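Asker: Sharing a structure, written as structure tokens. Questions coming.
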Amino acid sequence: MPKRLTLSGLFLILLLTPMAHADRIDSAARALDALVAHADGTKPLSEQEVLAAGHTIRDVVRGLPPGDTRLLPRLANLRTKHAADLAPTPKRPLRKANVLGRLLMTLDLDRLGRLPATQVKAHPAAAAFPGAVPANAPRVSQTVTIDTATPGWHSTGLYAAPGQIVTVTVPASAAGKGLYVRIGCHKDGLWRLDAWRRPPAICHHFALAGATTQAASAFGGPVYVEVPRDCGLGSIKAVIAGAIEMPYYVHGQTDLAAWRKTIRGRPAPWAELASEKIVLTLPATVVRTLDDPKAVMDFWDAVADACADLAARPRDRERPERYVADVQISAGYMHSGYPIMTLLDMPAVMVDLKRLKTNAHGGVWGLFHELGHNHQVRDWTFRGTVEVTVNLFTMYVMETVCGLAPTRCHGSISDRTRARKTRDYLAAPDFATWQRDPFLGLIMYIQMQQAFGWEPFKKVFAEYRTLEPAERPKTEDARRDQWMVRFSLAVGKDLGPFFAAWHIPVSDTARKAIADLPDWMPEGFPPDK
60 MPKRLTLSGL
70 FLILLLTPMA
80 HADRIDSAAR
90 ALDALVAHAD
100 GTKPLSEQEV
110 LAAGHTIRDV
120 VRGLPPGDTR
130 LLPRLANLRT
140 KHAADLAPTP
150 KRPLRKANVL
160 GRLLMTLDLD
170 RLGRLPATQV
180 KAHPAAAAFP
190 GAVPANAPRV
200 SQTVTIDTAT
210 PGWHSTGLYA
220 APGQIVTVTV
230 PASAAGKGLY
240 VRIGCHKDGL
250 WRLDAWRRPP
260 AICHHFALAG
270 ATTQAASAFG
280 GPVYVEVPRD
290 CGLGSIKAVI
300 AGAIEMPYYV
310 HGQTDLAAWR
320 KTIRGRPAPW
330 AELASEKIVL
340 TLPATVVRTL
350 DDPKAVMDFW
360 DAVADACADL
370 AARPRDRERP
380 ERYVADVQIS
390 AGYMHSGYPI
400 MTLLDMPAVM
410 VDLKRLKTNA
420 HGGVWGLFHE
430 LGHNHQVRDW
440 TFRGTVEVTV
450 NLFTMYVMET
460 VCGLAPTRCH
470 GSISDRTRAR
480 KTRDYLAAPD
490 FATWQRDPFL
500 GLIMYIQMQQ
510 AFGWEPFKKV
520 FAEYRTLEPA
530 ERPKTEDARR
540 DQWMVRFSLA
550 VGKDLGPFFA
560 AWHIPVSDTA
570 RKAIADLPDW
580 MPEGFPPDK
């Protein structure tokens with residue numbers, strides 16, 4: 060007896076089978092009927108069927124002409140009915156269970172992504188996040204200089220109001236050379252999260268294909284010029300018109316008296332503090348009373364330099380690291396990348412030197428931790444140590460920039476906790492257990508650092524940077540072997556017994572390579588049972 064065709068299977072067939080336009084609209088209409096019945100509880104669907112129905116509707120709607128009278132009017136009525144759902148906030152998130160609301164928001168964002176700038180209007184959600192622009196905020200025209208030798212986002216100190224056109228003019232020689240104008244810094248897509256506390260995609264960028272480009276975002280945001288790597292255009296000037304001014308401090312350029320008198324009071328809802336090494340993108344309210352952005356950015360430059368020093372990288376960077384605060388991010392409490400993303404409880408901490416230097420907020424560890432991820436190298440980070448070796452950078456910054464004992468900056472590596480975790484692990488040692496617990500793994504690295512200092516780490520990291528492709532470890536076994544051998548040679552001690560005590564697998568070949576060195580073991584380790 061043939062198996063019954065499920066609704067999701069039917070929708071999949073409809074998606075994959077070539078059909079006449081009218082038939083495709085019929086399939087989308089049936090999919091919409093099914094979602095409406097699911098939403099009102101008449102005929103519940105499985106999660107797979109909900110997803111399949113949504114894909115069917117999106118696929119068809121993308122190709123509908125503006126004059127369609129079958130689907131678009133129905134969707135418009137549903138949009139009116141669910142208007143409150145289409146402006147999600149932390150207090151009123153749009154949850155996964157609200158399948159119609161999520162579909163309508165997805166269709167809205169699809170449509171906005173295809174509209175020319177002249178047709179973009181402010182989205183109802185923009186007022187809640189990224190924020191409203193004062194109605195009387197003056198629109199300005201400014202010329203900004205872009206050094207295309209630096210790839211990535213170039214801050215302009217300007218902000219696009221939601222739904223309003225910004226015009227960007229570049230030299231004809233720069234048109235069509237891979238440059239973009241970006242509106243928005245909150246680049247995390249929230250599509251997979253169970254609850255959307257803001258619309259899941261609120262950034263837009265537009266290719267600078269001609270000498271003059273119009274750009275607009277329904278949500279608004281800071282205006283950037285994006286530069287590809289190896290651009291080769293040299294320094295160019297771009298004229299940006301129709302935007303409003305942000306509180307924008309450029310380290311080494313902005314006059315502090317002007318900052319205090321006028322710049323920090325500029326009307327945009329977001330602000331940036333920028334150096335050649337770090338850019339902080341923060342709610343403008345955080346900087347309205349900030350008197351000394353120079354001292355703040357001196358501190359952050361020192362943090363960036365410390366990470367570069369430990370990683371054996373030049374202090375002068377290809378592009379600045381960026382931190383962006385958001386009402387919701389795609390993963391975790393913070394995450395690394397370009398930009399590093401964090402939540403809105405951190406901006407006040409990021410400009411408060413006392414809190415930063417004393418670790419008066421637990422998140423300070425996380426701020427340095429995420430920057431550390433951007434300095435990790437796979438060659439010396441074997442499986443199980445991604446969340447371990449990163450904290451070498453966290454600890455180094457805590458010690459060298461903040462002047463703090465790093466093992467006192469996080470409860471998971473306090474003296475007492477390290478002693479307990481070590482005893483518990485060695486009572487039933489297992490490498491898989493070690494790999495699953497980052498703060499257990501970090502104990503081993505702390506022992507190495509306390510015995511030999513930071514210089515061997517810098518020396519070994521520098522070695523890895525100069526390896527030829529054939530010398531680089533290709534397997535997890537090779538990564539463990541090379542790390543043990545290279546560190547042993549750097550300190551002139553055989554760490555083989557130490558690795559064995561921690562039950563870290565290494566090969567006999569690696570052990571033999573350092574067998575002529577004197578054995579080393581931390582004092583009092585392994586602890587007496």
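Under my numbering, the first residue of the sequence shown is numbered 60, with each subsequent residue one higher.
For every residue, glycine included, the Cβ atom is placed at its ideal position computed from N, Cα and C.
As the structure is a computational prediction, the values presented were derived from the model and not from experiment.
#1: Rounded to the nearest angstrom, what separates L412 and N418 at their Cα positions?
#2: Just checking my contact of E304 with L238 at CB under 8 Å: how many whole Å lie between their CB atoms?
#3: Nearest to D314 by CA position, among A487, K353, T525, is which residue?
#4: By the DSSP assignment, the beta strand (DSSP E) with A330 in it spans what residues?
#5: Do A185 and G248 have their CB atoms nearer than 7 Å?
#6: Pull up the DSSP beta-bridge partners for V227, would you.
#7: For the alpha helix (DSSP H) that D483 lies in, which residues bound it at each end?
#8: Can you give me the start and stop residues for the alpha helix (DSSP H) that T466 sits inside?
#9: Closer than 8 Å by C-beta to T568: which residues in its own chain qualify, once you throw out the five before and the five after it? Chain order, please.
#10: Excluding sequence positions up to five away, which residues of its chain have a Cβ less than 8 Å from the Cβ of L341?
#11: Please confirm whether L292 and T207 have their CB atoms less than 7 Å apart.
#12: Rounded C-beta distance between P556 and D578? I'm assuming under 8 Å.
#13: Helix, strand or coil: how does DSSP classify S214 here?
#14: Should I299 and L217 be called a contact, given that it needs their Cβ atoms to be closer than 7 Å?
#15: Taking all protein chains shown into account, decide if T466 is buried (16 or more other Cβ within 10 angstroms of its Cβ) or exposed.
#16: Would you say the beta carbon of T492 is closer than 6 Å to some non-hydrogen atom of the ligand SAH?
#17: Helix, strand or coil, according to DSSP, for M393 in the structure here?
#18: Since R381 is in the beta strand (DSSP E), which residue starts that stretch and which ends it?
#19: Alpha carbon to alpha carbon, how far is L159 from P103? Give it in angstroms, no decimals.
#20: Am I right that A560 and P585 are in contact with their C-beta atoms under 8 Å? What's the rounded C-beta distance?
#21: Which residue wins for smallest C-alpha separation from T202, given the options I84, G301, E530?
#22: Kindly confirm or deny that the segment 159-175 and the segment 115-125 touch, where touching means at least three C-beta pairs closer than 8 Å.
#23: Measuring only the C-alpha atoms, how far is A361 from V179?
#24: Quick one: grab the DSSP three-state call for Q435.
#25: Round the Cβ separation of M580 and V565 to the nearest angstrom and send it over; I've been treating them as touching at under 8 Å.
Answerer: Let me lay it out:
#1: 10 Å
#2: Not really, about 22 Å apart at Cβ, beyond 8 Å.
#3: K353
#4: 329-333
#5: no
#6: T272, I299
#7: 474-486
#8: Segment: none, T466 is in no alpha helix (DSSP H) and carries neither H nor E.
#9: D540
#10: W329, A330, E331, L332, A384, P406, M409, V410
#11: yes
#12: 5 Å
#13: strand
#14: yes
#15: buried
#16: The ligand SAH is not among the ligands present in this structure, which contains no ligands whatsoever.
#17: strand
#18: 380-385
#19: 13 Å
#20: 5 Å
#21: G301
#22: yes
#23: 42 Å
#24: coil
#25: Between V565 and M580 the Cβ distance is about 15 Å, and since that is not below 8 Å, they are no contact.
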